[in-house]
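Numbering (the UniProt record's numbering), first residue to last: 1 to 319.
A short worksheet on the structure shown next.
So this is what it looks like as structure tokens:
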């Protein structure tokens with residue numbers, strides 16, 4: 001039992017703690033900025049006491065995102081990725097540390113998913129006409145011809161020597177299923193260097209929640225695959241990431257009202273949504289890169305075949 005003096009001391013301590021906490025959250029400044037980078041609208045939201053420092057951190061994070069966009073851009077002939085696609089067949093091509101890291105993560109994801117995640121499906125993207133005005137469902141024979149140059153094992157990465165080699169002349173790499181997540185992680189690392197402890201980085205649905213939002217977890221709305229103005233679900237994150245892959249961002253509908261999404265099964269060459277009746281998959285992970293990669297893998301695998309992947313997964317069936 002506490003005596004009278006101890007009770008008074010405890011009340012005084014509690015009072016000061018409550019006052020400090022109230023003042024701490026009250027004086028947090030919010031710095032929010034959005035820019036078009038990584039081919040999507042990207043937002044960096046920071047909570048901190050020093051607004052000037054927060055703006056500096058935000059600008060540095062966006063600078064990092066732009067730097068990585070230039071490095072990983074499939075459509076830019078001057079990017080490092082384009083250089084790999086031009087020059088890495090049959091030879092060990094030196095690459096940057098960041099390219100090495102993202103390729104190593106991508107290949108580990110391919111192995112974990114049994115090839116469901118694959119950065120070599122570019123021939124299928126072209127065959128179906130994604131990114132053009134002539135999107136169409138190709139013939140089975142045409143799909144089979146393209147499959148010969150697809151496969152993550154056609155990429156030989158030497159992490160120690162920091163080189164990459166493509167084993168098939170027609171193999172092309174596309175980091176669209178992992179680059180945004182990786183870039184978000186690097187932006188968060190920059191924020192941490194600036195002493196930021198509470199922030200949210202969102203690159204087109206590839207999200208990392210740093211710390212908490214004024215003492216509570218960050219609340220993230222997961223977009224409804226068929227009703228863009230609605231949320232399918234609200235999840236809470238703290239020092240964690242989430243990403244969603246689905247059939248609703250890049251797709252076309254043929255004359256038979258069949259939806260063709262841009263995420264392919266690398267083994268069959270068909271859009272994954274035609275095989276698993278999924279509209280979307282959300283994955284929660286420790287890093288945005290892993291969430292990005294595994295949401296794609298799980299969308300290809302479907303719910304039953306994704307059971308071995310330990311991250312939390314939320315599956316949304318097609319209507």
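Beta carbons are placed, not taken as given, at the ideal position from N, Cα and C, and that holds for glycine.
Is it buried or exposed, residue i, if we count other Cβ atoms within 10 angstroms and call 16 or more buried?
{"i": "residue 40", "result": "exposed"}
{"i": "residue 185", "result": "buried"}
{"i": "residue 75", "result": "exposed"}
{"i": "residue 24", "result": "Bear in mind that a pLDDT of 46 at residue 24, under 50, signals an unreliable position, so the model cannot answer this."}
{"i": "residue 27", "result": "exposed"}
Taking just the CA atoms, how far does residue j sit from residue i?
{"i": "residue 59", "j": "residue 71", "result": "19 angstroms"}
{"i": "residue 187", "j": "residue 139", "result": "42 angstroms"}
{"i": "residue 88", "j": "residue 96", "result": "14 angstroms"}
{"i": "residue 238", "j": "residue 210", "result": "6 angstroms"}
{"i": "residue 230", "j": "residue 308", "result": "31 angstroms"}
{"i": "residue 272", "j": "residue 30", "result": "40 angstroms"}
{"i": "residue 190", "j": "residue 198", "result": "13 angstroms"}
{"i": "residue 255", "j": "residue 263", "result": "20 angstroms"}
{"i": "residue 103", "j": "residue 157", "result": "8 angstroms"}
{"i": "residue 214", "j": "residue 163", "result": "44 angstroms"}
{"i": "residue 257", "j": "residue 232", "result": "24 angstroms"}
{"i": "residue 107", "j": "residue 246", "result": "21 angstroms"}
{"i": "residue 212", "j": "residue 218", "result": "6 angstroms"}
{"i": "residue 313", "j": "residue 155", "result": "28 angstroms"}
Spatial neighbours of residue i within its chain, please: C-beta separation below 6 angstroms, excluding the five flanking residues on both sides.
{"i": "residue 206", "result": "180, 181, 184, 243, 288, 292"}
{"i": "residue 323", "result": "As displayed, the chain neither begins before 1 nor continues past 319, which places residue 323 out of reach and without an answer."}
Classify residue i as helix, strand or coil using the three-state DSSP reduction.
{"i": "residue 307", "result": "coil"}
{"i": "residue 314", "result": "strand"}
{"i": "residue 129", "result": "coil"}
{"i": "residue 70", "result": "helix"}
{"i": "residue 269", "result": "coil"}
{"i": "residue 275", "result": "helix"}
{"i": "residue 28", "result": "coil"}
{"i": "residue 320", "result": "The requested residue 320 does not occur in the structure, where the chain is confined to residues 1 to 319."}
{"i": "residue 259", "result": "strand"}
In chain order, what residues of the same chain have a beta carbon less than 8 angstroms from the beta carbon of residue i, not counting five sequence neighbours either side?
{"i": "residue 18", "result": "Since pLDDT at residue 18 reaches only 46, below the 50 mark, its modelled position is unreliable, and the value read off the structure follows with that caveat. No residues qualify anywhere along the chain."}
{"i": "residue 297", "result": "109, 112, 113, 116, 117, 306, 309"}
{"i": "residue 135", "result": "128, 129, 252, 260"}
Near residue i, which residues of its chain fall below 7 angstroms by C-beta distance, leaving aside the five closest residues on each side in sequence?
{"i": "residue 310", "result": "none"}
{"i": "residue 85", "result": "172, 173"}
For residue i and chain C, any beta-carbon pair shorter than 9 angstroms?
{"i": "residue 266", "result": "The chain labelled as chain C is not found in the depicted structure, where only one protein chain is given."}
Is any heavy atom in the ligand COA found nearer than 8 angstroms to the beta carbon of residue i?
{"i": "residue 225", "result": "Ligands in the displayed structure: none, and consequently the ligand COA is not present."}
Practice task
Taking only runs that begin and end inside the segment 170–243, name each unbroken alpha helix (DSSP H) of 4 or more residues, in chain order.
Solution key: Within the segment 170–243, the complete alpha helix (DSSP H) runs of at least 4 residues are 179–193.
Exercise for the section: Taking only runs that begin and end inside the segment 75–148, name each unbroken alpha helix (DSSP H) of 4 or more residues, in chain order. Expected result: Taking only runs of at least 4 residues, the alpha helix (DSSP H) segments lying wholly in the segment 75–148 are 80–87, 97–112, 122–127, 140–147.
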